[in-house]
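Engineer:
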Amino acid sequence: MFVLDFLPIIVTVFGFYMLVKLRFFLFRNPLKISKRILSLFRDDSSRKSLTLALAGTLGVGNIVGVAYGLSVGGAGCLFWIFVSSFFSAVLKYAESSLAAEKRENNRGGMAYVIKASFGKFGWLLGASYAMLCILLSLTMGTSLQSQSFIMSAGKNGRMAEWVYSLVFVIAVAAVILGGAEKITKATSFFIPLSTIVYVLICIFVILKNVSNAYAVAQNILTEAFDFRSAAGGVSSFLAVKAMKEGYARGLLSNEAGAGTSAMAQSRSDLSASDVGLLGVCEVFFDTSLLCMLTGFAVLFSGVDISGMSGIEIICSAFSSSLGSGAVTVLFVLIFFFAFSTVICWYYYGSECVWYIFKKKNSPSYIALFLFFTFVGFLIPHGVLIKISDYLLFFMSVLTILTLYKNSESIVRLSEKYGLLKNSYSGKKLDADSRKSLDS
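Take the sequence shown: its letter number 29 is residue 503 in the numbering used here, and every next letter is one higher.
1) Classify Glu-635 as helix, strand or coil using the three-state DSSP reduction.
2) Taking only three categories from DSSP, how would you classify Met-492?
3) Got a sec, what are the start and stop residues for the alpha helix (DSSP H) Asp-863 sits in?
4) Let me know the secondary structure DSSP gives Arg-502 once reduced to three states.
5) Would Gln-621 and Val-816 be called neighbours here (beta carbons separated by less than 7 Å)?
6) Suppose the cutoff is 8 Å on Cβ atoms and the five residues either side in sequence are ignored; what does the same chain contact list for Ile-859 look like?
7) Can you tell me the Cα-Cα spacing of Cys-676 and Leu-767, whole angstroms?
8) Within 10 Å of its beta-carbon, does Tyr-603 have 16 or more other beta-carbons around it, so buried, or fewer, so exposed?
9) I need the straight-line Cα distance from Ala-541 to Ile-555, nearest angstrom please.
10) Within its chain, find whatever has a CB closer than 6 Å to the CB of Met-633; leave out the 5 residues flanking it on each side and keep chain order.
11) In chain order, what residues of the same chain have a beta carbon less than 6 Å from the beta carbon of Gly-784, not counting five sequence neighbours either side?
12) Judging by CA-CA distance, which residue of Ala-568, Ser-742, Val-803 is the nearest neighbour of Ala-732?
13) Is Ile-608 closer than 7 Å to Cys-826 when the C-beta atoms are compared?
14) By the three-class DSSP mapping on this structure, what secondary structure does Glu-729 have?
15) Between Val-673 and the rest of its own chain, which residues show a CB-CB distance below 8 Å, the 5 nearest in sequence each way excluded?
16) Looking at the structure shown, is Ala-581 part of a helix, part of a strand, or coil, going by DSSP?
17) Exposed or buried, what is Lys-594 when buried is set at 16 or more other beta-carbons lying within 10 Å of its beta-carbon?
18) Which residue marks the beginning of the alpha helix (DSSP H) containing Asn-693, and which one marks its end?
19) Please state the DSSP three-state secondary structure of Tyr-672.
20) When you compare each of Thr-613, Ser-508, Gly-535, Ala-585 to Tyr-864 by their alpha carbons, which one comes out closest?
21) Could you give the residue range of the alpha helix (DSSP H) that holds Met-737?
22) By how many angstroms is the C-alpha of Leu-726 removed from the C-alpha of Ala-560?
23) Give me, in chain order, the residues of the same chain whose beta-carbon lies closer than 7 Å to that of Ser-794; leave out the 5 immediate sequence neighbours on both sides.
24) Could you spell out where the alpha helix (DSSP H) holding Gly-753 opens and where it closes?
25) Exposed or buried, which one is Ser-798 when buried takes at least 16 other CB atoms within 10 Å?
26) Can you have a look at Ala-648 and say buried or exposed, based on whether 16 or more other CB atoms are within 10 angstroms of its CB?
27) Exposed or buried, which one is Gln-739 when buried takes at least 16 other CB atoms within 10 Å?
28) How should Asn-880 be labelled, buried or exposed, when 16 other C-beta atoms within 10 angstroms of its C-beta is the threshold for buried?
29) Considering only residues of the segment 501 to 562, which uninterrupted alpha helix (DSSP H) runs meet the minimum length of 4 residues and lie entirely inside it, listed in chain order?
30) On the DSSP letters alone, give me the boundaries of the alpha helix (DSSP H) that Tyr-891 sits inside.
31) Can you tell me the Cβ-Cβ gap for Ile-808 and Val-534, rounded? I've got them flagged as a contact below 8 Å.
32) Please look up how many angstroms separate the CB atoms of Ala-563 and Leu-500, rounded, as I've assumed it's under 8 Å.
33) May I ask you to check if the CB of Ile-675 is nearer than 6 Å to at least one heavy atom of the ligand SAH?
34) So Ile-608 is in the alpha helix (DSSP H); what residue range does that whole segment cover?
35) Alpha carbon to alpha carbon, what distance is there between Ser-639 and Leu-875?
36) CA-CA distance, Met-492 and Val-849?
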């Protein structure tokens, strides 16, 4: 697929470019960065902003998406998911910090950064980004999530699919009609609880099958670097399924480079650089923790995943270690993850509606969003995936072009708030540079 072929290359090249520009500060001072991030959790607004952003990324993609990636790309897929997280982290930092610096009246996101970056074409390009995000909220944001929940419900119950869908829609409507404050309260409760339970289950599955550790490690490393079919050059590198699927699952899970979570992060009262560090924290929880634990749980379980869907793989992996009751637990967890993701994506979509139309809690958008939530199970899964991939790709192109245009500002911003001793050039900022940054 076009997106799977080129998005990893774009993200890797630009991610490495930003790592160099920022002098690898995320990895040169891990203790300093970790202490800074931990100190942010004392602030209530930062915790709520992070859980809202995590709600948009900690969805069924971390569970079903990773399992599907393993079935297509093999065990080596997990290695490339981990590699992608390094580039994702710096992109999250860049987009989140820049969006926070450009926020307007406690509203922020890449649409506002794009508007401020491209002069007379800024608003139009920002509106194009916002429209893509609205469409993505209807496909990946809600239809895919409700579909995954209903698929898991089919493994656990006997009611008709439309009944599960109706219950899901009613639950979503009860929260989103309460506004942004109710959304953040819901995500700040559901996300930590669901994550802790899911992490403990994955660890239990891994420990119960720890005797498979050597075989799993061997398969991951062997299949990650399987270039036997390659004839040479970039095209052969892209042909490696493990790399392609690993990058795709990682990027589709954490949405790095797309700029979506910047809308949630901008709600906090923190400085721009601290908001950027929350973006890094988001990648850690989403990709380095949940995606990796999901992959390890599946591989350690030893179940045959060939020819199975993502949800079937997860059910088999958990059931083999926890018994038939695992399906019920998984059903509940997927409901909470999907539910949190859907209400977060409603927030993203409504913020983009505000950017374009200046309408708060638009009845038309609410009705359209709930409609797609209800009919999501009727849309072919492959169609939803393909549409979401392309929407995410074009959003990422707009975001990365904007970040490139503002790359020097991101460097100066990082130094301004003390994350870099010097700017990339090695010189301290003068008064004019600081004034330019603040304007």
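Cβ coordinates follow ideal geometry from the N, Cα and C atoms, glycine included.
Structural biologist: Short version:
1) As a first step, residue 635 is located in the sequence shown; it is residue number 161 there, counting from the start. Helix at Glu-635.
2) Your numbering for residue 492 matches position 18 in the sequence shown. Met-492 sits in a helix when the DSSP states are folded into three classes.
3) Here residue 863 refers to the residue found at position 389 of the sequence shown. Run containing Asp-863: 855 to 879, per the alpha helix (DSSP H) assignment.
4) Counting from 1 along the sequence shown, the entry for residue 502 is found at position 28. If DSSP states are grouped into helix, strand and coil, Arg-502 belongs with the helices.
5) What you label residue 621 is simply residue 147 of the sequence shown in a count that begins at 1. What you label residue 816 is simply residue 342 of the sequence shown in a count that begins at 1. Against a cut-off of 7 Å, the Cβ pair of Val-816 and Gln-621 comes out as no contact.
6) Here residue 859 refers to the residue found at position 385 of the sequence shown. The answer, listed in chain order, is Leu-618.
7) Here the question's residue 676 lines up with position 202 in the sequence shown. Here the question's residue 767 lines up with position 293 in the sequence shown. Roughly 6 Å between the two C-alpha positions.
8) As a first step, residue 603 must be located in the sequence shown, where it is residue number 129. Flag for Tyr-603 reads buried.
9) Here residue 541 refers to the residue found at position 67 when the sequence shown is read from its first residue. Here residue 555 refers to the residue found at position 81 when the sequence shown is read from its first residue. Spanning the two alpha carbons is a distance of roughly 12 Å.
10) In the sequence shown, residue 633 corresponds to position 159, counting from 1. Once the five neighbours on either side are set aside, Met-633 has no close Cβ partner at all.
11) Within the sequence shown, numbered from 1, the residue matching residue 784 stands at position 310. For Gly-784, where only same-chain residues beyond five positions count, the Cβ hits under 6 Å are Val-538, Ala-541, Tyr-542.
12) Working through the sequence shown from its first residue, we reach residue 732 at position 258. Taking only the C-alpha atoms, the option nearest Ala-732 is Ala-568.
13) The residue labelled residue 826 in the question sits at position 352 within the sequence shown. The residue labelled residue 608 in the question sits at position 134 within the sequence shown. Against a cut-off of 7 Å, the Cβ pair of Ile-608 and Cys-826 comes out as a contact.
14) In the sequence shown, residue 729 corresponds to position 255, counting from 1. If DSSP states are grouped into helix, strand and coil, Glu-729 belongs with coil.
15) Along the sequence shown, one-based indexing puts residue 673 at 199. The answer, listed in chain order, is Leu-763, Leu-764, Leu-767.
16) Taking the first residue of the sequence shown as 1, we reach residue 581 at position 107. Note on identity: in this sequence residue 581 is Arg, with Ala being the wrong assignment. Under the three-state reduction of DSSP output, Arg-581 falls in the strand class.
17) As a position in the sequence shown, residue 594 is number 120, starting the count at 1. By the neighbour-count criterion, in which a residue is buried when 16 or more other Cβ atoms sit within 10 angstroms of its Cβ, Lys-594 is exposed.
18) As a first step, residue 693 must be located in the sequence shown, where it is residue number 219. That run of the alpha helix (DSSP H) goes 687 to 698.
19) Start at 1 with the first residue of the sequence shown, and residue 672 comes out as number 198. The answer is helix: DSSP assigns Tyr-672 an H, G or I state.
20) Position 390 of the sequence shown, counting from 1, holds the residue named residue 864. Closest by alpha carbon: Thr-613.
21) As a working mapping, residue 737 is identified with position 263 in the sequence shown. It spans 736 to 739 - the alpha helix (DSSP H) in which Met-737 sits, taken as one unbroken run.
22) Here the question's residue 560 lines up with position 86 in the sequence shown. Here the question's residue 726 lines up with position 252 in the sequence shown. Checking the displayed sequence, the identity of residue 560 turns out to be Phe instead of Ala. If I take the Cα positions, the gap works out to 15 Å.
23) Here residue 794 refers to the residue found at position 320 when the sequence shown is read from its first residue. Excluding residues within five positions, the ones whose Cβ falls inside 7 Å are Ser-775, Val-777.
24) The count along the sequence shown starts at 1 and reaches residue 753 at position 279. From DSSP, the alpha helix (DSSP H) with Gly-753 extends over 746 to 757.
25) On the sequence shown, position 324 is the one that residue 798 refers to. Exposed, since its Cβ has fewer than 16 Cβ neighbours within 10 Å.
26) The residue labelled residue 648 in the question sits at position 174 within the sequence shown. By the neighbour-count rule (16 or more Cβ atoms within 10 Å), Ala-648 is not buried but exposed.
27) Along the sequence shown, read from residue 1 onward, the residue named residue 739 stands at position 265. So Gln-739 ends up on the buried side.
28) Residue numbering aside, residue 880 sits at position 406 when the sequence shown is read from its first letter. Under this definition Asn-880 is a buried residue.
29) 504 to 514, 518 to 531, 538 to 547
30) Mapped onto the sequence shown, residue 891 falls at position 417. Premise fails: Tyr-891 is in no alpha helix (DSSP H) and is neither H nor E.
31) Taking the first residue of the sequence shown as 1, we reach residue 808 at position 334. Taking the first residue of the sequence shown as 1, we reach residue 534 at position 60. Yes, Ile-808 and Val-534 are in contact; Cβ-Cβ is about 6 Å, under 8 Å.
32) Here residue 563 refers to the residue found at position 89 when the sequence shown is read from its first residue. Here residue 500 refers to the residue found at position 26 when the sequence shown is read from its first residue. Sure, about 6 Å apart at Cβ, within 8 Å.
33) This structure lacks the ligand SAH, and indeed carries no ligand of any kind.
34) As a working mapping, residue 608 is identified with position 134 in the sequence shown. Unbroken alpha helix (DSSP H) run through Ile-608: 596 to 612.
35) Residue numbering aside, residue 875 sits at position 401 when the sequence shown is read from its first letter. Residue numbering aside, residue 639 sits at position 165 when the sequence shown is read from its first letter. If I take the Cα positions, the gap works out to 39 Å.
36) Here residue 492 corresponds to residue number 18 of the sequence shown, with the count starting at 1. Here residue 849 corresponds to residue number 375 of the sequence shown, with the count starting at 1. About 41 Å.
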